[in-house]
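For reference, the structure discussed in these notes is given below.
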Amino acid sequence: MRLIRLSLGAYLFAVGMTNGEYGFGFLGLFFALQAVFNVGCCGISACSTNSTTPATTKENSIIDYEEVKKP
Numbered sequence: 212m213r214l215i216r217l218s219l220g221a222y223l224f225a226v227g228m229t230n231g232e233y234g235f236g237f238l239g240l241f242f243a244l245q246a247v248f249n250v251g252c253c254g255i256s257a258c259s260t261n262s263t264t265p266a267t268t269k270e271n272s273i274i275d276y277e278e279v280k281k282p
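Residue numbers (our numbering): 212 to 282.
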């Protein structure tokens, strides 16, 4: 993943600076710096999920279905 980010960042930076599109240059620099410093968008583990599940109760396990008929 680091190589993909680095190559994408280098390409976007080069194309952005060559064509004068500074937005692409900034985006390329962003991706390249992510690869160099080995950080992602979830650097502080903000995207981690909770592995524990709450205990299910009997109320939550019963599912009532209702038949829908065409008019």
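Every residue gets a Cβ at the ideal spot worked out from N, C-alpha and C, and that includes glycine.
From a predicted model like this one, the values you see are computed outputs, not experimental measurements.
Asked	Found
Go to ASN249, then tell me how far its alpha helix (DSSP H) extends in each direction, as first and last residue.	Premise fails: ASN249 is in no alpha helix (DSSP H) and is neither H nor E.
Quick test of your reading: GLY227 and TYR233, contact by CB under 8 Å. State the CB separation rounded to the nearest angstrom.	6 Å
Starting from GLY220 and walking both ways along the alpha helix (DSSP H), at which residues does that stretch end?	213-230
Does DSSP put TYR276 in a helix, a strand or coil?	coil
In whole angstroms, give me the CA-to-CA distance for LEU214 and PHE248.	12 Å
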